[in-house]
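Reviewing the structure listed below.
In the working numbering, the protein residues as written are 1493 to 1712.
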């Protein structure tokens, strides 16, 4: 046990730190882009507050295209673009761009679904009272959809953690890289078990937090 702690604990700690960096930096940008896209997709869809068929159709196609590409393929496909934006294609910095491009459309769809769950009757009632459309978006639509939005972001975060593990196969670091290099290539089973355990605990913690926040918002 002492040998494992001395040899592998520093590597596991570093790998966990890299995974958390990849996850939360990517999530930050993905949430900003994804929530924005999701809102626009809902508002510009046919028979909604800011109906615009051109904007809706263009965004809908772009989101569908990006979501149809598996992350590992997307990672290699946009290497030149990643190099231009990040200045590198390796390490934590080099994987942020593909992680954001992979996750943002996913969040956009989850956001769209969450907003569409809001009862249309509530929106129509506020419109009948003469409330401005912008106020309806911020104070009615988004407020009513908060629990579903939180659950959607929880799902997206878990999916993002899985993507960071795949990113480890191309030198991005993190728990995926550690599990591949030492757990698989060098057949260090203790390392493989440890990385799986850490990932399970991490995902369970995020899911429990998301469920708690969503339940709390439902009561408000």
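Positions of the beta carbon are idealized from the N, C-alpha and C atoms, including for glycine. All of these numbers come straight from a predicted model, not from anything done at the bench.
Out of the options, which one is the CA nearest neighbour of residue i?
i: residue 1695; options: 1627, 1657 and 1671; result: 1657
i: residue 1591; options: 1601, 1570, 1619 and 1710; result: 1570
i: residue 1561; options: 1594, 1544 and 1660; result: 1594
i: residue 1711; options: 1690, 1646 and 1636; result: 1636
i: residue 1511; options: 1567, 1527, 1545 and 1585; result: 1585
i: residue 1666; options: 1625, 1681, 1619 and 1582; result: 1582
i: residue 1499; options: 1601, 1523 and 1674; result: 1674
How is residue i classed by DSSP in three states: helix, strand or coil?
i: residue 1661; result: helix
i: residue 1678; result: coil
i: residue 1514; result: helix
i: residue 1616; result: helix
i: residue 1546; result: helix
i: residue 1586; result: helix
i: residue 1555; result: helix
Let's test the definition: count the other Cβ atoms within 10 Å of the Cβ of residue i and tell me whether it reaches 16, buried, or not, exposed.
i: residue 1613; result: exposed
i: residue 1559; result: exposed
i: residue 1681; result: exposed
i: residue 1589; result: buried
i: residue 1627; result: exposed
i: residue 1693; result: exposed
Determine the direct distance from the alpha carbon of residue j to that of residue i, and round the result to whole angstroms.
i: residue 1556; j: residue 1647; result: 18 Å
i: residue 1663; j: residue 1690; result: 20 Å
i: residue 1533; j: residue 1629; result: 13 Å
i: residue 1683; j: residue 1617; result: 58 Å
i: residue 1553; j: residue 1709; result: 32 Å
i: residue 1567; j: residue 1519; result: 16 Å
i: residue 1537; j: residue 1551; result: 10 Å
i: residue 1576; j: residue 1505; result: 30 Å
i: residue 1530; j: residue 1598; result: 9 Å
i: residue 1686; j: residue 1611; result: 45 Å
Inter-stretch contact (C-beta, 8 Å, three-pair minimum) for the stretch 1665-1672 and the stretch 1638-1652
no
Below 8 Å, how does it come out for the stretch 1619-1637 and the stretch 1530-1542: are there three or more Cβ pairs, yes or no?
yes
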